Amino acid sequence: MPCPSTWGRPSMQFAIRPLAHGLFVIGGLLLCVTSQAAAQGRIRGLVADRDGAPVVGAVITAEELAANGTSLATTDASGRFSFIGLSRGEWVFVVRADGFEPVQGVADIRGSGPSTAVQFTMDRDLFNPPAPTAGVLAGLKATDLVESLGQADRLFDTGDYELAITAYQAVLASAPALTSLHLEIGHAHRELQQWEQAVASYRAALAADPSSSEAAAALDLAGVATRDR
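Using the numbering used here, the letters of the sequence shown correspond one by one to residues 1412 to 1640.
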């Protein structure tokens, strides 16, 4: 007999369709029963995307419903994970991964009988894509970048120019390709009447983009202000 487990997402109903040999498909999640060492409360599984590619580094949180037991696991390079020694009872498994929508399932862990093998299928989060692995913004998530830039802009708009400079410099350090930030840094120095620093920032912006008319005009104005001091 397969273990009486149900898998799915919150506030959704799924039909259970038996396939063969104790194998069930429930709302895109695969649940099957194996014949190894269930007395240890063992669960092993695989996390993959809709194309079948393994999701590496996904974090699986196991929480015991009847007590305060919690356990964590992370998928390896093949998308696999395992829990060993879970106590008897119902457990909730929540899977989270960068760039994917979370999924969860509930399983009844028994003290005897077969162990359980599970497969989670994750959908990509279109509003929170993973960081690119190549290119000038490799390793940077778009949402994090937009948030950091927004924070720096707000500091500038409220007149906190010193903090804005620090914030822009932090973004520029993590994404050197965003050379237009030299302009923002220069503008903040200009508001503080730090003309030498403003000139240096505008020169950096112009060196990165010689065709930038904004950088050229800002450099001319800052240069005039420096000479008039």
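Yeah, the Cβ is synthetic: ideal placement off N, Cα and C, and Gly gets one too. Everything numeric in this text was worked out from a predicted model, so none of it was measured.
Helix, strand or coil: which one does DSSP assign to THR1532? strand
Rounded separation between ASP1534 and SER1591 - CA only: Cα to Cα, ASP1534 sits roughly 35 Å from SER1591.
Can you give me the C-alpha to C-alpha distance between THR1527 and ALA1518, rounded to a whole angstrom? 9 Å
Would you check if the region 1491–1505 and the region 1554–1573 touch, i.e. whether three or more CB-CB distances between them fall below 8 Å? Proximity of the region 1554–1573 to the region 1491–1505 falls short of the contact definition, fewer than three beta-carbon pairs being nearer than 8 Å.
What does the alpha-carbon distance come out to for the pair GLY1500 and GLY1452? 9 Å
Between GLN1530 and LEU1457, how many whole angstroms is the CB-CB distance? I'm expecting something under 8 Å. 5 Å
Helix, strand or coil at ARG1597 [DSSP, three-state]: Looking at the sequence provided, one finds Gly at residue 1597 rather than Arg. It is helical.
Looking only at its own chain, which residues have a Cβ that is under 7 Å from the Cβ of PRO1513, when we skip the five neighbours before and after it? VAL1505, VAL1506, ARG1507
Could you pull the start and end residues of the beta strand (DSSP E) that GLN1515 belongs to? Note, GLN1515: beta strand (DSSP E), 1514–1520.
Measuring only the C-alpha atoms, how far is SER1612 from GLU1558? Computed Cα separation, rounded: 23 Å.
Alpha helix (DSSP H) segment containing SER1585, residue limits: Its alpha helix (DSSP H) spans residues 1572–1585.
Close beta carbons around LEU1574, own chain, < 8 Å, minus the five adjacent residues each side: LEU1566
For LEU1603, report the span of its beta strand (DSSP E) as first-last. Run containing LEU1603: none; DSSP gives neither H nor E here.
Let me see if you follow: with CB-CB separation under 7 Å, is GLY1516 close to chain B or not? Absence of chain B from the displayed structure is noted, only one protein chain being present.
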